[in-house]
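In terms of my numbering, the numbers along the sequence shown are unbroken and rise by one, the last being 115. Structure record follows, encoded as structure tokens.
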Amino acid sequence: MRRNRYCCEVESDHTIELLRRFNEERDWKQFHSAENLAKSICIESAELLECFQWSEDATIDRVADELADVLTYCFLLADSLGANPDDLVRRKLEITRVKYPVEKSRGQATKYDQL
């Protein structure tokens with residue numbers, strides 16, 4: 001599998017709008033409770049993990065498809081909660097930045113309370 005680091009641009013608002021339209025056309029919003037979306041994230045995450053179950057050499061196409069499923073449900077859950085995915089990630093990044101200061105955590109896999 002080819003690995004590119006930092007190769008994406010985030011367009012959450014546009015993506016969420018596309019997902020809304022897709023679901024409205026099919027009348028699927030009725031099935032998208034927060035609970036159902038959270039369950040779907042877990043199920044699709046397991047399918048993503050399955051790509052690597054017996055080998056680290058998973059195909060990029062299969063991984064990309066499963067990752068897209070996970071991200072789709074994450075976007076839908078955030079939208080159903082009235083949250084912006086970009087804002088959620090940035091907020092959590094700031095929290096994590098405090099927990100893992102560079103001078104203590106660089107090159108370490110240690111949990112923040114053990115640094």
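All C-beta atoms, glycine included, are put in the ideal place defined by N, C-alpha and C. Note that this is a predicted model, so its numbers are computed, not measured.
**Study point:** Every unbroken alpha helix (DSSP H) inside the region 26–107 [4 residues or more]
**Key:** 34–50, 60–80, 85–99 and 102–105
Review point. Between VAL63 and GLU103, what straight-line distance do the alpha-carbon atoms span, to the nearest angstrom?
Key: Along the sequence shown, read from residue 1 onward, the residue named residue 63 stands at position 63. Along the sequence shown, read from residue 1 onward, the residue named residue 103 stands at position 103. When rounded, the distance between both Cα atoms is 34 Å.
Point to revise | Residue from THR110, GLU44 and GLU94 whose Cα sits closest to the Cα of CYS74 | key: Residue mapping note: residue 74 aligns to position 74 of the sequence shown, counting from 1. Answer by Cα proximity: GLU44.
Review point. According to DSSP, is LEU115 helix, strand or coil?
Key: For this step, residue 115 is matched to residue 115 along the sequence shown. Here LEU115 sits in coil by DSSP.
Point to revise | Length of the line joining the Cα atoms of ALA109 and PRO101 | key: Along the sequence shown, read from residue 1 onward, the residue named residue 109 stands at position 109. Along the sequence shown, read from residue 1 onward, the residue named residue 101 stands at position 101. Their Cα atoms are separated by approximately 13 Å.
**Study point:** Contact set for GLU47: own chain, Cβ-Cβ below 8 Å, skip 5 residues either direction
**Key:** Mapped onto the sequence shown, residue 47 falls at position 47. Closer than 8 Å at the Cβ level, and outside the excluded window around GLU47, lie GLU66 and ASP69.
Review point. What number of angstroms, rounded off, separates the C-alpha of GLN114 from the C-alpha of ARG26?
Key: Residue 114 sits at position 114 when you count from the first residue of the sequence shown. Residue 26 sits at position 26 when you count from the first residue of the sequence shown. Distance between the alpha carbons of GLN114 and ARG26 is about 49 Å.
Practice item. Look up GLU24 in the DSSP assignment and say whether it is helix, strand or coil. Key: Stepping through the sequence shown from its first residue, residue 24 is reached at position 24. DSSP places GLU24 in helix when its eight states are reduced to three.
Practice item. Starting from the C-beta of CYS51, find all residues in its chain whose C-beta is less than 7 Å away, skip the five residues before and the five after it, and write them out in chain order. Key: The residue you call residue 51 lines up with position 51 of the sequence shown. Closer than 7 Å at the Cβ level, and outside the excluded window around CYS51, lie ALA58, ARG62, VAL63 and GLU66.
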